[in-house]
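A.B. asks: Residue numbers (our numbering), protein chains in the order written: chain A, 1 to 526; chain B, 527 to 1052.
Number of protein chains: 2
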Amino acid sequence: MVMWNNLDTLTSYQELSKVGRVNLAEVMSGDNGAERVKKYSVPMAAGMVYNYAAKQIDDKVLEALAKLAEEAQLTEKFEALYNGEVINTGEKRMVLHHMTRGQLGEAVEADGGDKRDFYTGEQQKIAEFANKVHSGVIANAAGEKFTTVVQIGIGGSDLGPRAMYLALENWAKVNNTFKMEAKFISNVDPDDAAGVLNTIDLAHSLFVLVSKSGTTLETLTNESFVKDALKNAGLDPAKHMVAVTSETSPLAKSDDYLAAFFMDDYIGGRFSSTSGVGGAVLSLAFGPEVFARFLDGAAEEDKLATNKDMLANPAMLDALIGVYERNVLGYPDTAVLPYSQALSRFPAHLQQLDMESNGKSVNRFGEPVNYPTGPIIFGEPGTNGQHSFYQLLHQGTDIVPLQFVGFKNNQMGRDVVIEDSTSQQKLCANVVAQIVAFACGKADENRNKNFEGGRPSSIIIGDQLTPEALGALLSHFENKVMFQGFVWNINSFDQEGVQLGKVLAKRVLAHETDGALKVYSDLFNI
Amino acid sequence: MVMWNNLDTLTSYQELSKVGRVNLAEVMSGDNGAERVKKYSVPMAAGMVYNYAAKQIDDKVLEALAKLAEEAQLTEKFEALYNGEVINTGEKRMVLHHMTRGQLGEAVEADGGDKRDFYTGEQQKIAEFANKVHSGVIANAAGEKFTTVVQIGIGGSDLGPRAMYLALENWAKVNNTFKMEAKFISNVDPDDAAGVLNTIDLAHSLFVLVSKSGTTLETLTNESFVKDALKNAGLDPAKHMVAVTSETSPLAKSDDYLAAFFMDDYIGGRFSSTSGVGGAVLSLAFGPEVFARFLDGAAEEDKLATNKDMLANPAMLDALIGVYERNVLGYPDTAVLPYSQALSRFPAHLQQLDMESNGKSVNRFGEPVNYPTGPIIFGEPGTNGQHSFYQLLHQGTDIVPLQFVGFKNNQMGRDVVIEDSTSQQKLCANVVAQIVAFACGKADENRNKNFEGGRPSSIIIGDQLTPEALGALLSHFENKVMFQGFVWNINSFDQEGVQLGKVLAKRVLAHETDGALKVYSDLFNI
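1. Quick check on the DSSP output: the beta strand (DSSP E) that includes B:Val663 runs from which residue to which?
2. Looking at the strands, I want to know which residues DSSP matches up with B:Glu707.
3. Distance check for B:Val752 and A:Ile418, CA to CA, integer angstroms please.
4. Show which residues of chain A have a CB atom less than 9 Å away from the CB atom of B:Lys699.
5. State the Cα-Cα distance for the pair A:Arg116 and A:Met99, rounded to the nearest angstrom.
6. Rounding to the nearest angstrom, what Cα-Cα distance links B:Glu815 and B:Ser809 in this structure?
7. Below 7 Å on C-beta distance, what does A:Thr221 contact in chain B?
8. Name, going along the chain, the residues of the segment 976-989 of chain B whose beta-carbon falls closer than 7 Å to a beta-carbon of chain A.
9. How about B:Phe930 and B:Leu991: do their beta carbons lie closer than 8 Å?
10. Along the chain, where does the alpha helix (DSSP H) that runs through A:Ala516 open and close?
11. From which residue to which residue does the alpha helix (DSSP H) around A:Pro190 run?
12. Grab me the residues of A:Arg162's own chain with a C-beta within less than 7 Å of its C-beta, minus the 5 sequence neighbours each way, in chain order.
13. So if I threshold CB-CB distances at 9 Å, which residues from the segment 913-928 of chain B count as touching chain A?
14. Please report how far the alpha carbon of B:Pro763 lies from the alpha carbon of B:Asp782, in whole angstroms.
15. How would you list, in chain order, the residues of chain A whose beta-carbon sits under 8 Å from the beta-carbon of B:Tyr865?
16. Going by Cα to Cα distance, which pick from A:Gln395, A:Val369, A:Glu106 is closest to B:Leu1026?
17. Runs of 3 residues minimum, wholly inside the segment 536-607 of chain B: which ones carry the beta strand (DSSP E) assignment?
18. Does A:Asp8 come within less than 8 Å of chain B when only Cβ atoms are used?
19. What residues from chain D crowd round A:Val498, counting only those whose CB sits closer than 8 Å?
20. Starting from A:Tyr339 and walking both ways along the beta strand (DSSP E), at which residues does that stretch end?
21. Pull out every residue of the segment 662-680 of chain B whose Cβ sits closer than 8 Å to any Cβ of chain A, in chain order.
22. State buried or exposed for A:Asn176, treating a residue as buried only when at least 16 other CB atoms are found within 10 Å of its CB.
23. Would you mind working out which of A:Ser361, A:Ser357, A:Lys77 sits nearest B:Phe915, comparing C-alpha positions?
24. Once the 5 residues before and after B:Gly679 are set aside, which same chain residues still bring their CB inside 6 Å of it?
25. Roughly how many whole angstroms lie between the Cα atoms of B:Lys1028 and B:Gly795?
26. Check this for me: beta carbons of A:Asn6 and A:Val400, under 8 Å apart or not?
27. Relative to the C-alpha of B:Ser555, which residue among B:Ser798, B:Ala965, B:Arg619, B:Glu971 is closest?
28. Comparing alpha-carbon positions, which option in A:Asp318, A:Gly454, A:Phe486, A:Phe493 lies nearest A:Asp398?
29. Have a look at the DSSP bridge pairing and note the partners of B:Val888.
30. Distance, Cα to Cα, B:Thr774 vs B:Ala636?
31. Under a Cβ-count criterion, where at least 16 other Cβ atoms within 10 Å of its own Cβ denotes burial, should B:Lys1006 be classed as buried or exposed?
32. So, with DSSP's three-state summary, where would you put A:Arg93?
33. For the alpha helix (DSSP H) containing A:Met3, name the first residue and the last one.
34. So is B:Glu632 buried or exposed if we call it buried at 16+ other beta carbons inside 10 Å?
35. Measure from the alpha carbon of A:Lys173 to the alpha carbon of each residue in B:Asn724, B:Ile987, B:Asn1015, B:Thr948, then state which is nearest.
36. Report the neighbours of B:Arg562 on chain A: residues whose CB is nearer than 9 Å to its CB, in chain order.
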């Protein structure tokens, strides 16, 4: 039986706070630093490693973190989750996104069936549909193949699938698995839909409407925008659109769609990239086999997250170090810095995943907590970030923990040698240099050129950003966020914080306003 | 004579710290809230307003801030800056980016000439060049018009110009001033260049190489990558490439370029969007007239920044409220949230502008400061952010000040009515609702659905995102960052924090490593 307790009630947390602080600049210097880099590394799926040598930890801190993991019953809670316990206490729902890519524990029955069969069955339907689109069995009214797929969705129906698409777009092109270009419409700003429609050939475009409830206002508005455009072009919207939604949604049985693929309430939007939400657009773009490889990578990484040995469980280890940084060392932000242009929108996805899951002030029983929870997440790809905000990261007054990601090889196999090194070598040399620069700093008599160091980072290193590696990366961060939610004793799977804005926006549109709301509305002539 | 003193030595700062805190949820409620929204508003250029009613301020705080502005001699320092004083003490340089869009004070002579004439002269050369490209006088070897312009640059040569291009791309299309599509190559990751080259027609592409020093390794590497591609396609790189650089750079007099346009050391990369760095690509994309309108908007806003009355100087007011939030209220982050899809990359530009300028720990004389300086900046467009990280902003344990931007009208004039309102109305209703939701919150017995409120924001409201409005927005934030640097007594115009990483990366590439640096290099097989 798992016990749900606030972090500040745990003995191991009190002990963790008392462990001596690590002087990062000191321990990362010389031979000791070299030893740390060799030692503080744990294998991930898809041949990757999570290296945490440049974090402000040592064996004593790790020992205390392992005790915290044990007292907080992190693996037991994960087990309860994947075995179908109602972990989402706010909405009284199970949390089953892991099941879209494997079966970690017992079979889970709900809604009159086996949930794993349900998710794999929907993915099978999507695969068959995608194959028919690619072969031209499903085609436009003129019998011509669809060439473009446009996802209409917002939040988790947009950020994750978009980030995954960009991550594999060029990989698929050079590996001859690129089937259809994908575009995304998300914002209720009409310029978003209009801008995308301006760049595509409507007659050869297939739209994927994604809304679990079938009531997301932004998404239904954009659907209508697109339908108008299709009709104006003399096309039948019902022949150009599929839906990804829940079986109980108004979209589920509608004749407005070529097909409908189903999800359910046990998978939250920000955890839905491996469900049909990501599955439809990615299978259409790259083929179902590539999407299956992505799921395999995630499944392999999920298995590692079940490991009770913290030092062999990268997601749990990453989570605990993050808690140490947030609650003991007092750092409020984390920057995610992939040295891979293909991961350009991966930080934006993690921003939602992390901040929407753990940006909470009450525990899972609705009682206020007395400690900081989820951090601010931001990031851009290196080396671009180096020429942008790294100045503050190196010499600013606040310390920001860093999460690097890098790959030995690029995706496209085209490169150039300048000054005796390839671009890929320069890219890798830069991330290596940054880790050491942040950790060790460099004293200079000119204080303006002085680097204090002591700025912690970790790095995930892989051979290449393949579908498997991407799946493993995604799983790693999903599970990290989940474990942190367990440690903070919060419900990482609801998002009540988005409701008030929706309610007030409706009042504004209904002209039921007073006070400040009315004057602001007047300023916009609403 | 201006005096440069640390913030914590100023009497007015001590007084500011003692002013009573404002209970935002309270003052923004009811009639008082309505009055605040009407009262706490200041006109900006291009018909915009900066409304700060939902900030944690009242007349007493404003009075204290005005005294701080006076004691810190903010307008005097700005005056010294635009009259050519050596404000960039680290690099011993003047700071003249305002001059690219107007003449605020005295003429400034340097390098044997009038600097204003120099900047406008270069812009004139760019305009003439762009017109010749558009008319086909300058064309490819086959005599065909160039259709695509590709900027090769990184940091300030990428983020600002890219954000400005995206901001006006659709506006230009519907206003029939769209001349050439623009693409951007920045990252040293070879997949960046390869990915962009995959999507363009090389024979009809013109490349703009941007590097002030002519030695930026990422940019020269990408130039070489592009040249190889051009040669492999049987094209002469010298007929497809222009340079934007300083007159003393190795690129300046090279035969490798169709033309070279000049900048100088008095304009830092992150402040260079209104110089040739932004001027070449934007004039080619939209025509010189559009770029001139963008400059006009910036010039108009710059004039407002010279106003000694803080309440009529939006950039200075914004800067001071930000200092109050950072140093007195203790908030370490600021989120920038444009309710305009066209501004999708504007937050990324502001991230560089702000964090690279003010992420410093020493004052302008190289002495450590004892107070926090520049905050972390992050952001995404609304309504997307609402479905992502707003959960934390509403209900997280930390308070994040917010900077909203919104426009009454969209750019493209296409819209759809759903549930009795247009998309544009929904967009505006959402930003209005968010301001009030963040400020006032809403009590709920279920603590999980409770909103504390007290979360401060300001909003810039405009009619439409036109070139003038974009120029004014850019100027507003540039000047805000400048004023904050003055208050913190730091040099906002150098970036020594980027140097150490460069040095170490070179050592890695030369295999001159030991300790941690060597082991990390081995992990990447460098």
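Cβ atoms here follow ideal geometry from the backbone N, Cα and C, with glycine treated the same way.
Quantities reported herein were computed from a predicted structural model and do not represent experimental measurements.
C.D. replies: For this structure:
1. No beta strand (DSSP E) contains B:Val663, which DSSP labels as neither H nor E.
2. B:Thr674
3. 13 Å
4. Gly195, Asn198
5. 6 Å
6. 8 Å
7. Val942, Ile944, Ser949, Lys952
8. Phe977, Ile987
9. no
10. 515-523
11. 190-197
12. Phe184, Arg345
13. His913, Ser914, Phe915, Tyr916, Gln917, Leu918, Leu919, His920, Gln921, Gly922, Thr923, Asp924, Val926
14. 7 Å
15. Asp189
16. A:Gln395
17. 567-569, 575-577
18. no
19. The displayed structure is made up of protein chains A and B, and chain D is not among them.
20. 333-339
21. Ile680
22. exposed
23. A:Ser357
24. Val736, Thr745
25. 17 Å
26. no
27. B:Ala965
28. A:Gly454
29. B:Pro894
30. 14 Å
31. buried
32. strand
33. No alpha helix (DSSP H) contains A:Met3, which DSSP labels as neither H nor E.
34. exposed
35. B:Asn724
36. Ala516, Val519
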